[in-house]
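Residue 53 is where the sequence shown starts when you use this note's numbering, and the numbers rise one by one after that.
Working notes, beginning with the structure itself.
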Amino acid sequence: MPNRAVVFVSEATPQLAVEHLAAIMADAARFNRNAGISAVTLYDGRRFLVYMEGPPDGLDVAFSRAAGVSSHAELIELARGRVGQRRLPYWPMRCVPLSPPELVQLVRADWTSFLQREGDQTGPATAMEMLVGLVEPIAKAG
Ligand SMILES: Cc1cc2nc3c(=O)[nH]c(=O)nc-3n(C[C@H](O)[C@H](O)[C@H](O)COP(=O)(O)O)c2cc1C
53 MPNRAVVFVS EATPQLAVEH LAAIMADAAR FNRNAGISAV TLYDGRRFLV
103 YMEGPPDGLD VAFSRAAGVS SHAELIELAR GRVGQRRLPY WPMRCVPLSP
153 PELVQLVRAD WTSFLQREGD QTGPATAMEM LVGLVEPIAK AG
């Protein structure tokens, strides 16, 4: 069955404690590992951008679990669809810090079809190219 992906942004509840966030991420990783989902949560201290991918059944449940939590609000889905091969196969869930401007850039970028182009490209980077550019170096560094 082809892999699917979903990406959303949301606003963290004010004063979300570091320990609480760590518990949320650990809980998400536990579920995702069992469901074969790989995921990453980018966090700028105020907002989340969550990308998750994997088999459709597991993905739908993981998304519903994430959407139903009171630790964030104003969830906006940026894209959902097929991805073929996994783009970020590194972790069942991992929280990656980024700056607020980086997050804004990612939200505003083009998420259409999770497009990632081959080789050197002109024109603005697609959202997926930006996301991979942010996450891959961290994964490769171990
Ligand atoms: C930003 C964010 C991302 C999440 N991502 C996932 C996920 O990928 N998979 C999953 O099963 N649950 C995910 N969840 C849900 C949490 O794992 C879990 O349901 C939550 O920690 C419940 O605890 P709480 O009510 O104390 O916040 C996510 C929650 C948040 C806030």
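Yeah, the Cβ is synthetic: ideal placement off N, Cα and C, and Gly gets one too.
Chain-order list of residues whose beta-carbon lies under 6 Å from that of G110 (same chain, five-residue window excluded): Excluding residues within five positions, the ones whose Cβ falls inside 6 Å are A87, G88, I89.
Pairwise C-alpha distance: V70 and V42: The structure shown has nothing for residue 42, since the chain only spans 53 to 194.
At least 3 beta-carbon pairs within less than 8 Å: the stretch 140-148 vs the stretch 119-126: no
Per-residue DSSP class, three states only, for G136: G136: strand per DSSP, three-state reduction.
Length at least 4, wholly inside the stretch 124-183: the alpha helix (DSSP H) runs in chain order: 152-160
Neighbourhood of R98 by C-beta, 8 Å cutoff - its chain only, sequence neighbours within 5 removed: E63, A64, P152
Neighbourhood of E181 by C-beta distance below 6 Å, restricted to the same chain and skipping five residues each side: Q168
Sub-8 Å separation of A80 and A91 beta-carbons: A contact, by the Cβ cut-off of 8 Å.
Beta carbon of V102 nearer than 8 Å to that of V148: no
For R98, the three-state DSSP class (helix, strand or coil): coil
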